[in-house]
Structure formats: structure tokens, C-alpha cells
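See structure below.
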Amino acid sequence: MIRVVATGTFDILHPGHLYYLEESRRLGDELSVIVARDANVKHKPRPILPEDQRLRMVRALKPVDHALLGDLHDMFRPIAEIRPDIITLGFNQHFDEEHLRQRLRDRGLDADVVRIPGYPGSLASSSKIIERILNTRGPSGPTSPAGEE
Ligand SMILES: Cc1cc2nc3c(=O)[nH]c(=O)nc-3n(C[C@H](O)[C@H](O)[C@H](O)COP(=O)(O)O)c2cc1C
Ligand SMILES: Nc1ncnc2c1ncn2[C@@H]1O[C@H](COP(=O)(O)OP(=O)(O)OP(=O)(O)O)[C@@H](O)[C@H]1O
Numbered sequence: 001m002i003r004v005v006a007t008g009t010f011d012i013l014h015p016g017h018l019y020y021l022e023e024s025r026r027l028g029d030e031l032s033v034i035v036a037r038d039a040n041v042k043h044k045p046r047p048i049l050p051e052d053q054r055l056r057m058v059r060a061l062k063p064v065d066h067a068l069l070g071d072l073h074d075m076f077r078p079i080a081e082i083r084p085d086i087i088t089l090g091f092n093q094h095f096d097e098e099h100l101r102q103r104l105r106d107r108g109l110d111a112d113v114v115r116i117p118g119y120p121g122s123l124a125s126s127s128k129i130i131e132r133i134l135n136t137r138g139p140s141g142p143t144s145p146a147g148e149e
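The UniProt record's numbering applies: residue 1 is where the sequence shown begins, and numbers increase by one.
Quick look at the structure:
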């Protein structure tokens with residue numbers, strides 16, 4: 001039984017998320033997904049959708065066997081519980097593979113780390129979808145009703 005773990009914020013689902021999770025699942029027999037806590041998303045604007053909602057949607061996706069919210073303080077705690085054989089990183093996750101492998105070894109965890117490539121598609125990005133919403137439906141967007149600020 002090969003256990004795989006995937007991680008991410010998953011704010012406003014799109015086909016890039018699905019591709020990452022499908023490719024992660026293909027590497028093993030069981031896929032667990034750790035969804036980032038609202039309080040831990042500091043490297044970009046805070047998610048639009050709250051963590052419970054992001055978790056619920058990820059859990060419903062076909063390639064996902066288990067989904068859980070991450071730990072608030074220690075990112076290796078869920079990993080120590082799941083004991084995966086493989087941890088996948090998405091194409092734009094800011095972790096260095098070798099550094100992550102070393103930190104895992106330091107904690108007595110010997111999971112391999114595999115980078116999954118990007119899925120092509122102009123709207124396969126949460127931030128681009130948000131940008132498009134603001135540009136097309138925001139106060140100065142082309143579809144706002146006449147006379148409304
Ligand atoms: C091995 C690993 C374990 C993680 N564990 C947690 C965790 O327990 N709690 C959490 O809030 N984020 C955790 N994260 C981080 C997020 O799930 C996410 O990868 C990070 O916020 C980068 O998000 P993004 O690629 O979705 O922008 C973990 C990331 C990795 C690579
Ligand atoms: N287009 C994509 N192709 C492949 N993997 C993707 C794609 N978009 C996101 N992922 C992966 O899905 C996981 C969760 O991604 P995340 O929630 O950061 O979405 P995002 O669309 O990259 O967000 P943002 O646009 O805010 O950076 C990460 O591992 C990320 O690398």
C-alpha cells in the first residue's frame with residue numbers, strides 16, 4: 001500500500017488543482033490531502049473561502065481518499081500521523097525538494113518528495129480567477145449595471 005500526501009490552499013477550485021491531485025493519486029494507492037489553515041496562508045493574500053469550505057470541496061474530489069486540515073503550528077505533525085511514502089509538491093509550491101527531504105529525515109520521516117508539473121490553462125490559478133472576477137464584475141468592470149458605483 002503506497003500512501004501519497006498532497007498539500008495546498010485550494011481556494012476556489014480549478015482544473016490545475018484537479019490535475020495535481022489526479023497525478024498525485026496515480027503515484028500510489030491512497031491519497032491524503034492536507035489543506036492549509038487560513039492562519040498559515042501568509043505567503044499570498046489570505047484565502048477568499050474559509051478553511052472548512054476549502055476542505056469540504058477538496059474531500060469531494062474523485063482522486064481524494066482522505067482530506068484534513070493541516071496543523072496550526074507544526075506542518076510535520078499530520079505527516080507523522082499519516083506516514084506517507086510519497087509527498088507531492090505542486091509546480092508552484094515554494095518548497096525546495098532536497099531541503100524538505102532533509103527536514104523530513106530530521107524528524108524520522110522517510111517520505112520521498114515528488115514535484116508534479118503544471119497543468120496548462122490560463123484560468124488554472126486561483127489568483128487569476130479572482131483577478132478576472134475583479135476585472136469583469138468589479139465596480140469598474142464591463143458588466144456592472146449602469147448607474148451603480
Ligand atoms: C509536507 C507539507 C506539509 C504541510 N502541512 C501543513 C500543515 O500541517 N498545516 C498548514 O496549514 N499547512 C501545511 N502545509 C502547507 C500548505 O498546505 C501549502 O502547501 C502552503 O501553504 C503553500 O500553499 P499553496 O501552494 O497552496 O500556495 C504543508 C505543506 C507541505 C509541503
Ligand atoms: N495550474 C496548475 N497546475 C498544476 N498544479 C497546480 C496548478 N494550480 C495549482 N496547482 C497545485 O495545487 C496545489 C494547491 O494550489 P493553490 O491552492 O496554491 O492554487 P493556485 O491556483 O496555485 O493559487 P494562487 O493562484 O493563489 O497561487 C499546489 O500544490 C499547486 O502547485
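Built from N, CA and C at the ideal position, the CB exists for glycine as well.
Completely contained beta strand (DSSP E) runs for the segment 24–110, where each covers 3 or more residues: 30–35, 66–69 and 86–89
N- and C-terminal bounds of the alpha helix (DSSP H) containing T9: Unbroken run through T9: none, as it is neither H nor E.
Segment limits, alpha helix (DSSP H) that includes L134: S126 to R137
C-beta atoms of V113 and E131 nearer than 7 angstroms: no
S32, buried or exposed, once every other Cβ within 10 Å from all chains shown has been counted against 16: buried
Contacts around I82, its chain only, beta-carbon distance under 7 angstroms, and the 5 residues preceding and following it disregarded: In its chain, beyond the 5 residues on either side, R3, V5 and S32 have a beta carbon closer than 7 angstroms to the beta carbon of I82.
A124 versus A60: straight-line alpha-carbon distance, rounded: Distance from the CA of A124 to the CA of A60, rounded to the nearest whole angstrom, comes to 19 angstroms.
Where A146 sits in the DSSP three-state scheme: Here A146 scores only 47 on pLDDT, less than 50, and its place in the model is too uncertain to base an answer on.
CB-CB length for R54 against D11, believed under 8 angstroms: 6 angstroms
Residue closest to D74, alpha-carbon to alpha-carbon, out of N40, Q102 and P120: N40
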